[in-house]
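Colleague: Supplied in structure tokens, the structure appears directly below.
Numbering (this note's numbering), first residue to last: 1 to 360.
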């Protein structure tokens, strides 16, 4: 359980992604109805538009987007590093050009912390260097060193601001790197532990490596991180994988998959993926998932959802997203329940088996 200034968050938890201060195709009222207690917002996007200073003047991100739950903000590092042709990395930070208008910006560890303090998120991530997978060991070693150096600078900046202005109601998390090298992952975790963050993330995974490798690297890290502090695996994952990460000691997860897949007519169910545009569903009168209790499944049929997508209706994305986010949140609820009964392993095996078999 995480006790944040914006409410308690039961863990393990999945965080819907609201990059630009909105979870695509869902209103805040819908998120409340779905029971979301924490969402993720994107520092890079909010820094470029509308700007962190404006959001601060408007009362902070919670007030700006009228969201009463908790918010985690990333550092913007992943988005910057994905702009391979538009950025240059130095020890100082990352100099990049905006994908919106080509304007030049410098993102440093201190700047990333400053932006997130202005946003007023409950959890703020430090700037790290995220590299591609697979990566040569030498590149992974350089990125690890830079990540630790940047984490130290970000921590010092955050603590100096806290001393000067009073403790902000915000947690700052360090991010473990090290690519797919177990010894580098362990070394990164040890170095960050010395900085005494209130929580830690495992970054740079689920970027192309096999699921088994992601689990292995996560387990290497969580074995060293204190169980009394939140442990966050960034950017994961598919529904049938969530319990595997929890079994490795992960408390928080996020992924664009449920919302992005919904906009592309891919629906997640207790029996596997439903590609609703397929002609097999043209007259299917069943709900998306007969075992689902969401408002979409209680009211609409597969045939109707298929029609909406075929007609290009906006409501297709709205209804599909509502269902998918409900499914993810409900899967996490079932995982928490399975943990309480000592049945996590059985739950994970059964879910994987259903996904392997596919929907009827």
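C-beta: ideal position from N, C-alpha, C; glycine also. Just so you know, these numbers come straight off a predicted model, no measurement behind them.
Pairing CB atoms from the segment 38 to 49 with CB atoms from the segment 271 to 280, are three or more of them under 8 Å?
Modeller: no
Colleague: Using 8 Å for Cβ pairs, my map puts residue 174 next to residue 126. What's the rounded Cβ distance?
Modeller: Position 174 of the chain shown, counted from the start, is the residue given in the question as residue 174. Position 126 of the chain shown, counted from the start, is the residue given in the question as residue 126. Contact holds; Cβ gap of about 6 Å.
Colleague: Give the list of continuous beta strand (DSSP E) stretches no shorter than 3 residues that lie fully inside the segment 42 to 93.
Modeller: 70 to 73, 87 to 89
Colleague: DSSP state of residue 323, grouped into three classes?
Modeller: As a first step, residue 323 is located in the chain shown; it is residue number 323 there, counting from the start. If DSSP states are grouped into helix, strand and coil, residue 323 belongs with the helices.
Colleague: To which residues of the same chain is residue 83 closer than 7 Å at the C-beta, ignoring the five residues directly before and after it?
Modeller: As a first step, residue 83 must be located in the chain shown, where it is residue number 83. Excluding positions up to five away in sequence, the list reads 96, 99.
Colleague: To the nearest angstrom, how far is it from the Cα of residue 115 to the Cα of residue 108?
Modeller: For this step, residue 115 is matched to residue 115 along the chain shown. For this step, residue 108 is matched to residue 108 along the chain shown. Their backbone Cα atoms lie some 11 Å apart in a straight line.
Colleague: Spell out the partners DSSP gives residue 269 in its beta bridges.
Modeller: To locate residue 269, count along the chain shown from 1; it is residue 269. According to DSSP, which records beta bridges pairwise, residue 269 is partnered with 272.
Colleague: Please report the distance separating the alpha-carbon of residue 183 from that of residue 177.
Modeller: What you label residue 183 is simply residue 183 of the chain shown in a count that begins at 1. What you label residue 177 is simply residue 177 of the chain shown in a count that begins at 1. Between residue 183 and residue 177, the C-alpha separation is close to 11 Å.
Colleague: How long is the line joining the alpha carbons of residue 290 and residue 303, rounded to whole angstroms?
Modeller: By 1-based counting over the chain shown, the position of residue 290 is 290. By 1-based counting over the chain shown, the position of residue 303 is 303. The C-alpha of residue 303 is placed about 14 Å away from the C-alpha of residue 290.
Colleague: According to the neighbour-count rule (16 or more other Cβ atoms, all chains shown, within 10 Å of its Cβ), is residue 190 buried or exposed?
Modeller: Locating residue 190 in the chain shown gives position 190, counting from the first residue. Its Cβ having fewer than 16 others within 10 Å, residue 190 is exposed.
Colleague: What are the start and end residues of each continuous beta strand (DSSP E) run of 3 or more residues lying completely inside the segment 93 to 120, in chain order?
Modeller: 94 to 97, 104 to 107
Colleague: Out of curiosity, what's the CA-to-CA distance linking residue 78 and residue 129?
Modeller: Against the chain shown, residue 78 aligns to sequence position 78. Against the chain shown, residue 129 aligns to sequence position 129. So the two alpha carbons sit approximately 8 Å from each other.
Colleague: Taking the DSSP output, what are the residues bridged to residue 14?
Modeller: For this step, residue 14 is matched to residue 14 along the chain shown. DSSP lists 253 as partners of residue 14.
Colleague: Within its chain, find whatever has a CB closer than 7 Å to the CB of residue 329; leave out the 5 residues flanking it on each side and keep chain order.
Modeller: Walking along the chain shown from the start, residue 329 turns up at place 329. Same-chain partners within the cutoff: 14, 34, 35, 36.
Colleague: Is residue 202 helix, strand or coil when you go by DSSP?
Modeller: Position 202 of the chain shown holds residue 202. Looking at residue 202 - three-state DSSP - the assignment turns out to be strand.
Colleague: I'd like to know whether the C-beta atoms of residue 254 and residue 17 end up nearer to each other than 7 Å.
Modeller: Within the chain shown, the letter at position 254 stands for residue 254. Within the chain shown, the letter at position 17 stands for residue 17. Yes. Within cutoff.
Colleague: Tell me the DSSP secondary structure of residue 217 in three-state form.
Modeller: Here residue 217 refers to the residue found at position 217 of the chain shown. In the structure shown, residue 217 sits in a helix (DSSP, three-state: H, G or I).
Colleague: Since residue 139 is in the alpha helix (DSSP H), which residue starts that stretch and which ends it?
Modeller: Taking the first residue of the chain shown as position 1, residue 139 is located at position 139. Unbroken alpha helix (DSSP H) run through residue 139: 137 to 165.
Colleague: Determine the DSSP secondary structure at residue 282, reduced to helix, strand or coil.
Modeller: Within the chain shown, residue 282 is the residue found at index 282, counting from 1. Coil.
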